[in-house]
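Residues in the sequence shown are numbered consecutively from 2, following the numbering used here. Ideal placement from N, C-alpha and C gives every residue a C-beta, glycine not left out.
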Amino acid sequence: MGSHTVTRKKSFDWRNYIVYLAFIGVIIYFSATLYDQGFVSTDNLLNIIRQTAMISLMGLAMTFVISTGEIDLSVGSIAALSSLTAALTLQAGYGLIGGVAVGLGTGLLVGLVNGLLVTKLAIPSFLVTLGTMGTVAGLAMWITDTAPVPIVDSTFNFVFGSGDIGPIPILLVWTVAATIIAHILLRKTSFGRQTLATGGNESAARFSGVKTQRIKLLVFLGSGFMAGFAGLLYAGRMHAGRFTFGEGDELSVIAAVILGGTSLFGGVGTVIGTVIGSLMIGTINNGLIIMGLDVSQQMIIKGLIIILAVAFGKKAIKR
Numbered sequence: 002m003g004s005h006t007v008t009r010k011k012s013f014d015w016r017n018y019i020v021y022l023a024f025i026g027v028i029i030y031f032s033a034t035l036y037d038q039g040f041v042s043t044d045n046l047l048n049i050i051r052q053t054a055m056i057s058l059m060g061l062a063m064t065f066v067i068s069t070g071e072i073d074l075s076v077g078s079i080a081a082l083s084s085l086t087a088a089l090t091l092q093a094g095y096g097l098i099g100g101v102a103v104g105l106g107t108g109l110l111v112g113l114v115n116g117l118l119v120t121k122l123a124i125p126s127f128l129v130t131l132g133t134m135g136t137v138a139g140l141a142m143w144i145t146d147t148a149p150v151p152i153v154d155s156t157f158n159f160v161f162g163s164g165d166i167g168p169i170p171i172l173l174v175w176t177v178a179a180t181i182i183a184h185i186l187l188r189k190t191s192f193g194r195q196t197l198a199t200g201g202n203e204s205a206a207r208f209s210g211v212k213t214q215r216i217k218l219l220v221f222l223g224s225g226f227m228a229g230f231a232g233l234l235y236a237g238r239m240h241a242g243r244f245t246f247g248e249g250d251e252l253s254v255i256a257a258v259i260l261g262g263t264s265l266f267g268g269v270g271t272v273i274g275t276v277i278g279s280l281m282i283g284t285i286n287n288g289l290i291i292m293g294l295d296v297s298q299q300m301i302i303k304g305l306i307i308i309l310a311v312a313f314g315k316k317a318i319k320r
């Protein structure tokens with residue numbers, strides 16, 4: 002009897018798969034309407050993957066941040082600064098390892114600052130990361146006086162963005178690898194369970210022995226690290242570091258996470274959903290560009306997507 006009851010409780014609920022159904026719908030719609038304009042060509046589909054890789058990777062880390070009930074608005078600015086610090090290090094002759102280490106270290110440092118301000122001074126993460134977003138963006142503009150820094154290291158450019166392994170873009174390889182790691186971390190480890198517990202009910206988690214402040218510090222470190230990594234990918238793909246990289250990415254990243262099924266109110270997170278949410282936003286942007294819509298119209302649609310995603314997320318929490 003008991004086993005039958007469990008089976009009924011776990012019956013299929015289409016609302017849990019809304020992002021997957023919506024993504025399939027978007028693909029079918031654009032494939033039908035833009036077939037003769039090359040939407041379904043292999044080159045265009047791989048281009049969507051290249052364009053969304055950085056959003057997907059930052060989204061994976063943001064899934065953990067939002068699952069704890071926090072938010073990180075500084076990821077786009079971190080990506081820009083990391084691309085520049087990595088480029089400057091390479092330019093100074095410190096080699097591939099030096100450039101990568103400094104780029105990732107930049108992200109980790111900002112992530113550490115965010116995490117300490119949230120956990121030690123109890124400042125709301127929205128305000129902390131809004132402040133660091135502006136500070137880091139200003140620093141990225143200042144250190145090179147807004148000039149781009151070219152990267153001539155062909156190995157760096159190949160590994161971090163513009164390379165292909167056969168027909169497969171290196172950016173797809175990075176995305177798949179990071180998704181697998183993040184999924185295992187969230188679903189199969191005590192860290193993942195504690196992350197969700199912290200966002201679900203922080204007081205109860207604390208009474209259960211979860212070091213919630215430590216978890217929050219770690220997720221901000223992870224977010225900074227992945228934003229730094231995204232900065233390396235931007236730099237490798239564009240063969241330069243620029244202060245404009247990642248501009249506005251924080252909204253796309255948050256939209257992808259919420260659209261994917263992670264609750265903006267914490268306690269519920271899905272890594273696979275985040276990547277699908279990112280691909281869906283990238284596919285919509287790509288389709289709208291092919292249709293001839295301008296940036297302002299794309300921004301309107303992206304804003305509406307965020308509103309719908311949060312609305313669905315709220316309904317899911319109420320159930």
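1) Using 8 Å as the threshold, is the C-beta distance between A257 and L58 below it?
2) Can you have a look at W143 and say buried or exposed, based on whether 16 or more other CB atoms are within 10 angstroms of its CB?
3) Assuming G99 and T86 are in contact, meaning their beta carbons sit under 8 Å apart, how far apart are those beta carbons, in whole angstroms?
4) Count the C-beta pairs between the segment 296 to 309 and the segment 70 to 87 that are closer than 8 Å, then say yes if the count reaches three, no if not.
5) Determine the burial state of G200: buried for a count of at least 16 other Cβ atoms within 10 Å of its Cβ, exposed for fewer.
6) For S191, count the other beta carbons within 10 Å of its own beta carbon; 16 or more makes it buried, fewer makes it exposed. Which is it?
7) Tell me which same chain residues have a C-beta within less than 8 Å of the C-beta of I282, skipping the five on either side of it?
8) Under the DSSP definition of a beta bridge, which residues are partnered with V41?
9) With a threshold of 8 Å on Cβ separation, who are the neighbours of V174 within its own chain once the five nearest residues in sequence on each side are excluded?
10) For the segment 52 to 137, list the alpha helix (DSSP H) runs that are entirely contained and at least 4 residues long, ordered along the chain.
11) If you count every other CB in all the chains shown that lies within 10 Å of the CB of F208, and 16 or more means buried, which is it?
12) Is it the case that the Cβ atoms of E71 and K217 are separated by a distance below 8 Å?
13) Can you tell me whether V150 is buried or exposed, with buried defined as 16 or more other CB within 10 angstroms of its CB?
14) Let me check you understand the geometry: is the CB of I169 closer than 7 Å to at least one non-hydrogen atom of the ligand MN?
15) Put V272 into one of helix, strand or coil per three-state DSSP.
Let me spell this out:
1) no
2) exposed
3) Actually they do not touch by this definition, with Cβ atoms about 11 Å apart.
4) no
5) buried
6) exposed
7) T53, I56, S253, A256, A257, L260, K303, I306
8) Paired residue(s): none; V41 is not in a bridge.
9) I166
10) 76 to 92, 96 to 121
11) exposed
12) yes
13) buried
14) No copy of the ligand MN appears in this structure; indeed no ligand is present at all.
15) helix
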